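Colleague: Okay, so the sequence shown: first residue is 450 according to the numbering used here, each after it adds one.
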Amino acid sequence: VQLVESGGGLVQAGGSLRLSCAASGRSFNSYRMGWFRQAPGKERELVATIGKIGGSTYYVDSVKGRFTISRDNAKSTVYLQMNSLKPEDTAIYYCAASLQIGKYDYWGQGIQVTVSS
Numbered sequence: 450v451q452l453v454e455s456g457g458g459l460v461q462a463g464g465s466l467r468l469s470c471a472a473s474g475r476s477f478n479s480y481r482m483g484w485f486r487q488a489p490g491k492e493r494e495l496v497a498t499i500g501k502i503g504g505s506t507y508y509v510d511s512v513k514g515r516f517t518i519s520r521d522n523a524k525s526t527v528y529l530q531m532n533s534l535k536p537e538d539t540a541i542y543y544c545a546a547s548l549q550i551g552k553y554d555y556w557g558q559g560i561q562v563t564v565s566s
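1. Suppose you measure from the CA of S565 to the CA of A540; what does that come to, to the nearest Å?
2. Could you give the residue range of the beta strand (DSSP E) that holds G483?
3. My guess is that A545 and I518 are in contact by the Cβ rule of under 8 angstroms, so how many angstroms apart are they, rounded?
4. Fully enclosed by the segment 490 to 548, which beta strand (DSSP E) runs are 3 residues long or longer?
5. Quick check: what's the CA-CA separation for G483 versus Q561?
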């Protein structure tokens, strides 16, 4: 599976961005999908996950109520809608695909999100 993120960029605090992650290769609906982020000098952090058919989602506390993960299996794409962005959301965001809970098998190259104050 190859994963390619898009939609990142520079936005002012309070603004919105929507990240997309397009998958190619093996059946997309075989994978649970996740979004991670890594800020400079910090460890990589799990931001959100979504089940194979989109029925179950998880969010880290810091983004609850602001971010929404979704997927379109017909388009083999997972999204991360990010609203009310804060400077602390600045990071490189990665999408990843998981065949079994707790292990991510495939990763995108990452995309920069910068939120200015």
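Just so it is clear, CB atoms sit at the ideal spot from N, CA and C, and this is done for glycine as well. Computed from a prediction, not measured in an experiment: that's the story for all the values here.
Modeller: The short version:
1. So the two alpha carbons sit approximately 12 angstroms from each other.
2. R481 to Q487
3. That belief does not hold up - the Cβ atoms of A545 and I518 are roughly 12 angstroms apart, past 8 angstroms.
4. Runs of the beta strand (DSSP E) inside the segment 490 to 548: 494 to 499, 506 to 508, 516 to 521, 526 to 531 and 540 to 547.
5. 16 angstroms
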